[in-house]
């Protein structure tokens with residue numbers, strides 16, 4: 002099973018996205034600019050079919066496992082205790098989110114890839130730019 006990773010224009014300011022699409026776009030190479038613009042925080046949204054008790058239980062079991070691993074020092078990850086049992090905002094089905102700093106991204110991403118079962122996961126960076 003492949004982990005679904007969706008990266009959309011919400012990652013970038015709309016002006017940057019337009020610039021990147023142009024033929025003249027040149028990726029930045031200035032070290033200071035690249036380091037200062039690096040993504041520092043990530044959200045993982047764990048999705049489950051809210052009317053399916055098995056999927057809901059699997060999602061909560063995964064959240065509890067992440068909490069135990071965080072407690073034991075495996076990585077830094079903060080699952081939010083709010084579980085959306087109905088669609089909310091842009092999320093079409095039941096969900097909850099896990100906040101992760103960039104320093105733990107690889108460990109959390111790897112863990113979720115290997116242990117998500119039949120759950121879908123949306124990953125997106127947190128940036129200073131909000132979608133307009």
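In this note's numbering, the protein residues as written are 2 to 133. Every residue, glycine too, gets a C-beta built ideally from N, C-alpha and C.
Task: Rounded C-alpha distance that separates residue 117 from residue 85 - done: 18 Å
- [ ] May I ask whether a heavy atom of the ligand PLP can be found less than 7 Å away from the beta carbon of residue 45?
- [x] In terms of ligand content, the structure shown is empty, and the ligand PLP therefore cannot be addressed.
Task: Helix, strand or coil at residue 97 [DSSP, three-state] - done: strand
Task: Contact set for residue 59: own chain, Cβ-Cβ below 8 Å, skip 5 residues either direction - done: 49, 118, 119 and 120
Task: With 16 other Cβ atoms within 10 Å as the buried cut-off, status of residue 114 - done: exposed
Open item on the list: When you compare the CB positions of residue 105 and residue 76, do they come within less than 8 Å of one another, or not?
Closed with: yes
Open item on the list: Distance check for residue 43 and residue 124, CA to CA, integer angstroms please.
Closed with: 7 Å
- [ ] Please classify residue 42: does DSSP put it in a helix, a strand, or coil?
- [x] strand
Open item on the list: Do residue 66 and residue 109 count as a contact pair if the criterion is CB distance below 8 Å?
Closed with: no
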